[in-house]
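Asker: Residue numbers (the working numbering): 5 to 97.
Virtual Cβ for every residue (Gly too), placed ideally from N, Cα, C.
For clarity, every value in this text was computed on a predicted model and none was experimentally measured.
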């Protein structure tokens, strides 16, 4: 029979319970999540081409066209993921 005193009612007697499997008192480990690295194309350049879809040519001036087209020169971007390291994450924020 279980004791009925108020102080022992809060405490559960351990001899009544048997663990079904081994356990620990630490929090569970976080699941491992695989994040694949970026596919790096070192030899490919990213070419930026302006879009004229939502542009009304009747409203454009010569200065506007030079801004949109960068005076006719081709814009080339470089993939910065090739030189990125995990330690650089703080400066990226």
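Pick out whichever of 20, 67, 57, 84 has its Cα sitting closest to the Cα of residue 49.
Answerer: Checking every option, the nearest Cα to that of residue 49 belongs to 84.
Asker: Can you tell me where the beta strand (DSSP E) with residue 52 in it begins and where it stops?
Answerer: Segment 50 to 52, the beta strand (DSSP E) holding residue 52.
Asker: Out of curiosity, what's the CA-to-CA distance linking residue 32 and residue 26?
Answerer: The alpha-carbon atoms of residue 32 and residue 26 are separated by roughly 13 Å.
Asker: Can the beta-carbon of residue 34 be found closer than 7 Å to that of residue 52?
Answerer: Result no, Cβ atoms of residue 34 and residue 52 do not sit closer than 7 Å.
Asker: Alpha carbon to alpha carbon, how far is residue 37 from residue 74? Give it in angstroms, no decimals.
Answerer: Each residue's Cα considered, the two are about 43 Å apart.
Asker: For residue 79, list the residues DSSP reports as bridge partners.
Answerer: Beta-bridge pairing links residue 79 to 52.
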